[in-house]
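See structure below.
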Amino acid sequence: MSTVEDKTKQTHAPAPAPAPAHAPEPKPLLHDTIIRDEEAVKKCCNVVKTDVHICFRCCAYSWACSLNGIEFCCGGLSELCLMMSKCAIGCKNCLEQIDCDGH
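Residues 39 to 141, numbered by our numbering, are exactly what the sequence shown covers, in order.
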């Protein structure tokens, strides 16, 4: 009987636990998470600061170009008005010299 008992003990022996397919990853420490979050925020803030700086620079350049264009147009209109005024004065002088009444 001892051989039968040995066989039953061998057949009823607990099977070894199967190895897990993926071992659970260790959770990051809270300190590591905080440092990573701070780095992400710093990087994001730098990007935002850079974008805002570029935006303001573009707005300033476009505003300056617009003002220069307006100034150029106003200067051109002023010159045109002066030229037309001189033409009008010349026409007036010419008409004064013409004697339309005395044929």
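Just so you know, even glycine gets a beta-carbon here, dropped at the ideal spot from N, CA and C.
Measuring only the C-alpha atoms, how far is residue i from residue j?
i	j	result
residue 121	residue 96	37 Å
residue 92	residue 131	58 Å
residue 134	residue 128	10 Å
residue 88	residue 94	10 Å
residue 114	residue 90	36 Å
residue 100	residue 106	10 Å
residue 102	residue 112	15 Å
Which residues in the same chain as residue i place their Cβ atom closer than 6 Å to its Cβ, once the five residues preceding and following it in sequence are excluded?
i	result
residue 136	none
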